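Under our numbering, the first residue of the sequence shown carries the number 2, and numbering increases by one thereafter.
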Amino acid sequence: MGTLAGLINLHTLCYRTQRAKCLDSSEVHRKTLRFSWHYILPLSILIAYNIPNQDHVIVHADTKSQHPDYHLEIYRNFGGVANAHTISANYIMLSLSLGTFYVPVIGGYWKTVAMKKLKSNFSSVVSNQNRRLFEALIKGLNLQILLPLCCYIPISLLFCWNKYSGEQILISQYTLGFLISVPCIFDPLLQIYFIIPYRNATWKLFAC
Numbered sequence: 002m003g004t005l006a007g008l009i010n011l012h013t014l015c016y017r018t019q020r021a022k023c024l025d026s027s028e029v030h031r032k033t034l035r036f037s038w039h040y041i042l043p044l045s046i047l048i049a050y051n052i053p054n055q056d057h058v059i060v061h062a063d064t065k066s067q068h069p070d071y072h073l074e075i076y077r078n079f080g081g082v083a084n085a086h087t088i089s090a091n092y093i094m095l096s097l098s099l100g101t102f103y104v105p106v107i108g109g110y111w112k113t114v115a116m117k118k119l120k121s122n123f124s125s126v127v128s129n130q131n132r133r134l135f136e137a138l139i140k141g142l143n144l145q146i147l148l149p150l151c152c153y154i155p156i157s158l159l160f161c162w163n164k165y166s167g168e169q170i171l172i173s174q175y176t177l178g179f180l181i182s183v184p185c186i187f188d189p190l191l192q193i194y195f196i197i198p199y200r201n202a203t204w205k206l207f208a209c
């Protein structure tokens, strides 16, 4: 879900960047439509996650051999457990890790391109108010891309370390829930601040 949310925000930023670069609406829609190929990644992750067998028995036996002092019988039929060392699991982990780096980098690049075009080309065509609205929207979209995915980068790094080194960092058990919740808290605030009509409506709501 995090990868899909990042791609959706990046898709929106792609459209805004193309609008800044090209005045031909048909060309803008054509270039933006090409971005849809990116959605093959989360679709392939979903397929790779559901096709292989979950191997509950193997995972339970492996966990019991590593932790003989734990009482694991009550978790024998517990769902959601899969072997993390299969080809599918490695593909999912690699794809998610690369996605957490790819989306912020591309988003930052498109934000830079859009801001340059905005300052050079739009100054004589668009009013100052509309230019400020567009500039604020570009900045807000870029932060919406960076915030969740920068929170997911530490999660990916910690998971890779725990999986491939065989050593577990205890704090990683607690950072997962915290880092996932951070974007849920700040993302609405970013939208309210950078989308000026939202900001004005919120200000009027609390001013009453």
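All residues carry an ideal CB built from backbone N, CA and C; glycine is no exception.
These numbers were taken from a predicted model, which means no experiment stands behind them.
Residues of its chain near P155, where Cβ-Cβ distance is below 8 Å and the 5 sequence neighbours each way are ignored = Cβ neighbours of P155 beyond the five flanking positions: T176, L180.
Contact check, S37 vs L97, beta carbons under 9 Å | Annotated as distal: S37 and L97, with beta-carbon spacing of 9 Å or more.
Y110: buried (16+ other C-beta within 10 angstroms of its C-beta) or exposed?
-> That one is exposed.
Just reading off the alpha helix (DSSP H) that W204 is part of, what are its end residues?
-> 197-208 is the extent of the alpha helix (DSSP H) around W204.
Three-state class that DSSP yields for T18 in the structure shown | DSSP places T18 within a helical segment (H, G or I) once states are collapsed to three.
Counting along the chain, where does the alpha helix (DSSP H) carrying Q67 start and finish?
-> The continuous alpha helix (DSSP H) containing Q67 extends over residues 57-67.
Contact the region 35-53 vs the region 135-144: 3+ CB pairs below 8 Å = Contact between the region 35-53 and the region 135-144 is absent, because fewer than three Cβ pairs lie under 8 Å.
Around the Cβ of P53, are there at least 16 other Cβ atoms within 10 angstroms (buried) or fewer (exposed)?
-> Answer is exposed; the Cβ neighbour count stays below 16.
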